[in-house]
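**Q** Residue numbers (the UniProt record's numbering): 1 to 150.
Below is one structure. I have some questions about it.
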């Protein structure tokens, strides 16, 4: 979730609203196939208090993906389950990377502010000391002679 409080009546793609017959019709699969996918853990719909399945729009999309991988790509159900698990893991990792990047950006901004505050606190009348290199050269200074106007 994005940290904001959501309206409990707001429908999202994760809101479980479809009964199994509607989900089957929307996905193009038989209701028994949906039950089998649920037993195998491929698509796990929410449950009502009476244990009835409720599918979300995201579940319907996942059912279509399972069907496409099975029928068009020839992948078995165990392979499809592993693909789904890996895709979920990738999404979780991408989310974590985004969180860490945001935290890193915040820390960098805070560090820049602290650095600016330290620089602003420097006394301007102080000059950094720089060590002079020792040489063996001799420099003689002679004042300019005033020319007499005689």
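Heads up, the beta-carbon is just placed ideally off N, CA and C, and yes, glycines get one too.
Quick caveat: nothing in here was measured; it's all calculated off a predicted structure.
(1) Check whether the segment 74-86 and the segment 45-59 touch, using three or more Cβ-Cβ pairs below 8 Å as the test.
(2) Out of curiosity, what's the CA-to-CA distance linking residue 119 and residue 110?
(3) Kindly identify the DSSP beta-bridge partner or partners of residue 47.
(4) Hey, out of 34, 64, 67, whose CA is closest to residue 53's CA?
(5) For residue 51, which of 19, 106, 69, 66 has the nearest alpha-carbon?
(6) When the Cα atoms are used, what is the spatial distance from residue 57 to residue 116?
(7) If we ignore side chains and look at the alpha-carbon of each, how far apart do residue 100 and residue 106 end up?
(8) Count the other CB atoms within 10 Å of the CB of residue 97; is the residue buried (16 or more) or exposed (fewer)?
**A** Judging by the given coordinates:
(1) Flag = no, the segment 74-86 and the segment 45-59 do not touch.
(2) Against the chain shown, residue 119 aligns to sequence position 119. Against the chain shown, residue 110 aligns to sequence position 110. Between the C-alpha atoms of residue 119 and residue 110 there is a straight-line separation of about 14 Å.
(3) The residue you call residue 47 lines up with position 47 of the chain shown. Partner(s): 53.
(4) The residue labelled residue 53 in the question sits at position 53 within the chain shown. Of 34, 64, 67, the residue nearest in Cα terms is 34.
(5) Translated into positions along the chain shown, residue 51 becomes position 51. The residue with the shortest Cα to Cα distance from residue 51 is 19.
(6) Here residue 57 corresponds to residue number 57 of the chain shown, with the count starting at 1. Here residue 116 corresponds to residue number 116 of the chain shown, with the count starting at 1. Roughly 50 Å between the two C-alpha positions.
(7) Against the chain shown, residue 100 aligns to sequence position 100. Against the chain shown, residue 106 aligns to sequence position 106. Residue 100 and residue 106: Cα-Cα distance of roughly 10 Å.
(8) The count along the chain shown starts at 1 and reaches residue 97 at position 97. Residue 97 comes out exposed.
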